[in-house]
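Below is one structure; the comments refer to it alone.
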Amino acid sequence: MSASRDLRARAAALRGEIERHNHQYYGLDAPLISDAEYDALFRELQALEAGHPELVTPQSPTQRVGTAPQDQFGQVRHRLPMLSLGNAFEPAEVAAFDRRVREGLGEDEVEYAAEPKFDGLAINLTYVDGVFTQGATRGDGYTGEDVTANLRTVRAIPLELPVTQPPALLEVRGEVLMHKRDFEALNAAQRAKGEREYVNPRNSAAGTLRQLDPRITAARNLTFYAYGVGASEGTPKFERHSEVLDYLAQNRFRVAAERQVVRGVDGLMAFYAKIGEKRAALPYDIDGVVYKVNALSSQERLGFVARAPRFAVAHKYPAEEAVSEVLAIEVQVGRTGALTPVARLKPVFVGGVTVTNATLHNLDQVRAKDVRIGDTVIVRRAGDVIPEVARVVPEKRVDGAAQWDMPEACPICKSKVERIESEAVFRCTGGLFCGAQRKQAVIHYASRRAMDIEGLGEKLVDQLVETGRVHTPADLYKLDAADLAALERMAEKSAANVVAAIRESKHRTLGRFVYALGMHHVGEEVAKILAQHFGSIEGLLAADWIALIDEKERVQKENTRRRNRGEALMDAVLPGIGPEIMQSVANFLAQSHNRDVIRELLERGVKPESLAPAARRSGKVTGKTFVLTGTLPNLTRDEAAERIVAEGGRVTGSVSKKTDYVVAGADAGSKYEKAQALGVTILEEQDLLKLLGF
Ligand code: IVH
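Quick note on numbering that gives the first Met the number 0: the sequence shown kicks off at 0 and runs consecutively.
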């Protein structure tokens, strides 16, 4: 007998503990114990209940898993109607609300409780003697649907009020919603399963709440925020709405952390602005804020008109999403040649402005969202963010709408478009010629580490390009002092200096010139290797790049095989330059536009210093044996091996006493340990590059 009383007490204690930690975790985002400790408590209660089914109560946290499906929801008549709120959009409407309230109460300034307007579903929760007995949707305001079984699975809804003397009756009113992060996770899971995605958190909360199978509801993360009380008996005597919210928070309901008591219309407007700024960062969607006269006696005096209270108003934010239609998909070319697809839209008012264009980011995004010309789409604009196409409304797709593809030629200069596999980016290869890349190309050409034209900075290039004096770097050599002096803020003396600096830049090293061309992926180091290999600009232009790339791939494959067997490696063409970089150079040089500009540069007297084609110098690491292990920060292992071989070194696969250096990157394993044991010198990538003279 006493044993069973002990067990009953233990079960009750466990229920209390678990619900307390539920609230810390789901209600306050502030867990006090680890997941493992929580699981231990939960399992203890489950075991206890399994052995003694008579100890199971409907309020037990073990019962949140969801019961068997229902055929339909029952009807619930609300004890007090669930009303709606009047809306205000403009400051003048808020001022008019405040004026009516002041006149109604005969006060000069009124105290308001201000809070976010949750964009979820209105719910009424009934607690009898502190026990959750029923949850219902708003329905038509008078009769709603009984969704108790589903709401039991929502952990932010206490199944029992934690107070020792609970009220005989308490109706808690608030909104069921899905946090943005849980919505994203749900959609990611839907996507992975190939199932339909939800349009927004509100829709997914609605769909989840109205599941006839509570087990589905239980598997998703709904939450609940309380904003008021309906019918009640035996609660403390409240004087203000803000006290009601505090009471609900004490009873382990989530209430908005942003709630605030303010005074007068200025206080309301300041709150609106503050929450508006925070809106995007809030964990849940809101569509406005709600202002309520704080004193409950004043609320009573003001009463209701039709179905809305006179003492409260919803102040709405401009919609962040709107429906529009894709009229066309165009491609914008950025300063670096990157192509961005942009949807041209039927004008739509969203987030406070009229939107006619929305970014589609890149081709992968277009594919993922499957946006096609003619589609009806949801456009989103949050705060200052560039408007984007959030998703397509598939039901509205017109027959025969074709999948969209990136153009093969740049819409600005008609050069070939290349795809950079590793970056999911498409890029125009007409870098020297393309109108979109003009400024960038000239600025880069003139920069200190490239052709080093002193005095030709960004601002001057801007003016030269905008006034049509310069289209490509070759035009620089046509400028005279009069052209420059004609520009804004350009003194004659400095104009002459710039012209002299341009003239002087005709004689630079081949490495600098190659770098100055601004080929994608070709930094100073790669430019130097190219210069050394080809010896002259003519050599670079005459190369058969397709053959070189083939050769590169063949040697790399062979060397991987040899390295695994510990054999000596073959010499590779263009040591240290991978096939992707080579492809980028090949694409650039294949554009006749770019070749024309290079030819023009040479014709205007640019004469990069030619080198004798790389004679087989005695290398910097001739006769040394290297082993590569782990992931290097910048170079692939192939690239590192090629550079070592180019400088006369050998690369082998296993560490022995004969190994001179082990080059170790991240996650180096047993080879690293062996090197340490044998006392072999261990190098990081940067040490290797120094050794090789880079
Ligand atoms: S108070 C008498 N406070 O907005 C009506 N409602 O248009 C009292 N809502 O369906 C409602 N957040 O569910 C109130 N902080 C909040 C709210 C809020 C969202 C919803 C409410 C109702 C609708 C009224």
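No residue lacks a Cβ here, since even glycine has one placed at the ideal position from N, Cα and C.
Euclidean distance between Cα positions of residue i and residue j
i, j, result
"Arg19", "Ala155", "11 Å"
"Asp374", "Gln402", "11 Å"
"Val620", "Arg649", "9 Å"
"Asp461", "Lys438", "7 Å"
"Gly73", "Val127", "19 Å"
"Glu92", "Gln259", "21 Å"
"Ala500", "Glu453", "6 Å"
"Asp363", "Glu387", "14 Å"
"Asn496", "Leu688", "38 Å"
"Ala674", "Thr680", "7 Å"
"Gly622", "Gln685", "20 Å"
"Arg598", "Ala440", "16 Å"
"Ala272", "Glu683", "53 Å"
"Ala256", "Asp38", "28 Å"
"Ile17", "Ala35", "13 Å"
"Pro317", "Phe270", "16 Å"
"Arg564", "Glu557", "11 Å"
"His240", "Phe310", "11 Å"
"Gln71", "Arg278", "36 Å"
"Arg180", "Ala218", "15 Å"
"Val605", "Glu503", "9 Å"
"Glu646", "Leu691", "7 Å"
"Gly50", "Ile274", "51 Å"
"Leu677", "Thr624", "15 Å"
Within 7 Å, strictly: CB atoms of residue i and residue j
i, j, result
"Ser414", "Gln590", "yes"
"Leu588", "His532", "no"
"Val288", "Ala113", "yes"
"Leu137", "Gly143", "Note that residue 137 is Arg in the sequence shown here, rather than Leu. Closer than 7 Å, so yes."
"Asn356", "Glu110", "no"
"Leu44", "Thr61", "yes"
"Phe512", "Thr471", "no"
"Lys315", "Asn86", "yes"
"Phe223", "Gly173", "yes"
"Leu610", "Gly534", "yes"
"Asn123", "Thr216", "no"
"Met518", "Val584", "yes"
"Arg262", "Glu108", "yes"
"Gly103", "Leu301", "yes"
"Lys345", "Ser323", "yes"
"Gly629", "Ala665", "yes"
Cβ shell of residue i (< 6 Å), same chain only, five flanking positions each side left out
i, result
"Arg214", "Gly65"
"Ala571", "Val554, Glu641"
"Arg615", "Only weak support is given to the placement of Arg615: the predicted model assigns it a pLDDT of 48, under 50, and the value that follows is read from those uncertain coordinates. For Arg615, where only same-chain residues beyond five positions count, there are no Cβ hits under 6 Å."
"Ala10", "Leu47, Leu54"
"Ala435", "Val332, Ile411"
"Asp284", "Asp118, Pro200"
"Val521", "none"
"Ala29", "Gln23"
Proximal residues to residue i (C-beta, below 8 Å), its chain only, five neighbours per side dropped
i, result
"Ala230", "Arg78, Leu79, Leu168, Glu170"
"Val416", "Leu338, Met405, Pro406, Glu407, Ala408, Cys409, Phe425, Arg426, Cys427, Thr428"
"Leu82", "Gly140, Phe303, Arg306, Ala307, Pro308"
Per DSSP, the bridge partner or partners of residue i
i, result
"Pro340", "Val330"
"Tyr224", "Glu174, Arg253"
"Phe355", "As written in the sequence, residue 355 is Thr, which differs from the Phe given in the question. Thr355 pairs with nothing; no bridge assigned."
"His314", "Ala87, Val288"
"Asn123", "Ala135, Arg172"
"Asp145", "Ala135"
"Val391", "Val376"
"Ile746", "Here the chain covers residues 0 to 693 and nothing more, so residue 746 does not appear."
"Lys116", "Gly287"
"Val349", "Val352"
"Ser323", "Val376"
"Phe96", "In DSSP, Phe96 forms no bridge with anything."
Cβ distance (whole Å) where residue i is taken to contact residue j below 8 Å
i, j, result
"Ala515", "Met569", "Not quite, the Cβ-Cβ distance comes to about 33 Å (not below 8 Å), so this is no contact."
"Val153", "Ala135", "The pair is not a contact, with the Cβ atoms about 14 Å apart (cut-off 8 Å)."
"Arg371", "Ala400", "4 Å"
"Val525", "Ile580", "6 Å"
"Glu319", "Arg390", "No, Glu319 and Arg390 are not in contact; Cβ-Cβ is about 14 Å, not under 8 Å."
"Ala494", "Leu509", "The pair is not a contact, with the Cβ atoms about 30 Å apart (cut-off 8 Å)."
Heavy atom of ligand 3 within 6 Å of residue i beta-carbon
i, result
"Tyr246", "Within the structure as shown, ligand 3 is missing, the only ligands being ligand 1."
Residues near residue i by beta carbon distance below 7 Å, same chain, minus five either side
i, result
"Arg251", "His22, Gly26, Pro157, Pro161"
"Leu627", "Arg636, Ala639, Ala640, Val650, Val662"
"Asp369", "Val391"
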